[in-house]
Amino acid sequence: MFLFRDSLPDMNAKIRVLHAAAGANSVDVYVDGNKIASDLSFSEITSYNNISPGKHKFDIYETGNTTNPLFSDSYEIVPNETLTLNAVLLGGKLTVFVLKDNPPTNTSSSSFLRFINLSPNSPLLNLSLADNKTPLFNSVEYLETTGFYPLKPELYSFLMTNDYDSSFKKYIGNIKIKSDTSHTLFIIGLNNNEPKIGYLITDDKI
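Written as structure tokens, this is what we have:
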């Protein structure tokens, strides 16, 4: 015998928005004409919002403007999907780089780190453990989607280098990798320009 459900299963997806377009003004983000982010500045990220499966229209405007969108496009949202919509610059124009935040499930590991290069003028970037130089990610280019690297839940320091300049060394210290959690380390900003290159680490657990 099978028991009845008290309600229908939750099929909603979840989305959040990161403003990673270096040099762009703050923005408002709309889905199907409804504002989901207001006055979002560079390096800011929203919390996750529930969204129903299906096709949705996304518009990004400069803050306070509702005519002339900086970006407008439609996306098909899959049930139970978790996404980060990254506002970035490509060819001088604002666009959206979509990342799926669902970590792998066919593994015994429960804690993960992903490394995403959103710095448009940076060379290929590498990330390693700072203490023993164990490589985690190599030659990551702008807007490349990397996999999730399994890590034990503890405190870490990382070293970021690039493929072309041995003097380029950026340390990222005291990052706590949590149990049963996936994290994304975003590199944002500009190399040798303003706004300066920096990082943002997010907890992708819902």
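Numbering (my numbering), first residue to last: 11 to 216. Beta carbons are placed, not taken as given, at the ideal position from N, Cα and C, and that holds for glycine.
Can you list, in chain order, the residues of its chain with a C-beta nearer than 8 Å to that of residue 68? Leave out the 5 residues immediately preceding and following it.
Reading the sequence shown from its first residue, position 58 is the one you call residue 68. Same-chain partners within the cutoff: 39, 40, 41, 81, 82, 83, 84, 85, 95 and 106.
On a CA-only basis, which of 185, 121 and 189 is nearest residue 210? Give me that one, please.
Position 200 of the sequence shown holds residue 210. Ranking the options by Cα distance to residue 210, first place goes to 185.
Just curious, the beta strand (DSSP E) that residue 157 is in, first and last residue?
As a first step, residue 157 is located in the sequence shown; it is residue number 147 there, counting from the start. No beta strand (DSSP E) contains residue 157, which DSSP labels as neither H nor E.
Please name the residue, chosen from 196, 187, 170 and 163, that lies closest to residue 155 on a Cα-to-Cα basis.
Locating residue 155 in the sequence shown gives position 145, counting from the first residue. When each option's Cα is compared against that of residue 155, the closest is 196.
DSSP three-state label for residue 71, please.
What you label residue 71 is simply residue 61 of the sequence shown in a count that begins at 1. Of the three classes helix, strand and coil, the one that applies to residue 71 here is strand, per DSSP.
Are there 16 or more other CB atoms within 10 angstroms of the CB of residue 88, so buried, or fewer, so exposed?
Locating residue 88 in the sequence shown gives position 78, where the first residue counts as 1. It is exposed - the Cβ of residue 88 has fewer than 16 other Cβ atoms within 10 Å.
How about residue 71 and residue 108: do their beta carbons lie closer than 8 Å?
Position 61 of the sequence shown, counting from 1, holds the residue named residue 71. Position 98 of the sequence shown, counting from 1, holds the residue named residue 108. No, these two residues do not count as a Cβ contact at 8 Å.
Given residue 51, which residues of its chain have a CB within under 7 Å of its CB, disregarding the five upstream and five downstream residues?
Mapped onto the sequence shown, residue 51 falls at position 41. Correct list, in chain order: 29 and 36.
Alpha carbon to alpha carbon, how far is residue 48 from residue 159? Give it in angstroms, no decimals.
As a first step, residue 159 must be located in the sequence shown, where it is residue number 149. As a first step, residue 48 must be located in the sequence shown, where it is residue number 38. Using only the alpha carbons, I get a separation of about 33 Å.
Could you pull out every residue in the same chain whose Cβ sits closer than 6 Å to the Cβ of residue 205, ignoring the five residues on either side in sequence?
Position 195 of the sequence shown, counted from the first residue, corresponds to residue 205. Counting only Cβ-Cβ distances below 6 Å, and skipping sequence neighbours, we find 32 and 199.
How would you call residue 152, buried or exposed, if buried means at least 16 neighbouring beta carbons within 10 angstroms?
Along the sequence shown, read from residue 1 onward, the residue named residue 152 stands at position 142. Burial call: buried.
Could you tell me if residue 78 is buried or exposed, where buried requires 16 or more neighbouring beta carbons within 10 angstroms of its beta carbon?
In the sequence shown, counting from the first residue as 1, residue 78 sits at position 68. Per the 10 Å Cβ criterion, exposed.
Would you list the residues sitting across from residue 88 in a DSSP beta bridge?
Within the sequence shown, residue 88 is the residue found at index 78, counting from 1. According to DSSP, which records beta bridges pairwise, residue 88 is partnered with nothing at all.
With residue 125 as the anchor, note down where its beta strand (DSSP E) starts and where it stops.
Taking the first residue of the sequence shown as 1, we reach residue 125 at position 115. Unbroken beta strand (DSSP E) run through residue 125: 122 to 127.
Starting from residue 197 and walking both ways along the beta strand (DSSP E), at which residues does that stretch end?
Position 187 of the sequence shown holds residue 197. That run of the beta strand (DSSP E) goes 192 to 198.
For the putative contact between residue 122 and residue 137, defined by C-beta atoms under 8 Å, what is the C-beta separation to the nearest angstrom?
Along the sequence shown, one-based indexing puts residue 122 at 112. Along the sequence shown, one-based indexing puts residue 137 at 127. Between residue 137 and residue 122 the Cβ distance is about 14 Å, and since that is not below 8 Å, they are no contact.
Looking at the strands, I want to know which residues DSSP matches up with residue 59.
Walking along the sequence shown from the start, residue 59 turns up at place 49. Bridge partners of residue 59: 25.
In this structure, does DSSP put residue 107 in helix, strand or coil?
Taking the sequence shown and counting its residues from 1, the one referred to as residue 107 is at position 97. Strand.
On the DSSP bridge assignment, give the partners of residue 40 in chain order.
For this step, residue 40 is matched to residue 30 along the sequence shown. Residue 40 pairs with 45 and 69.
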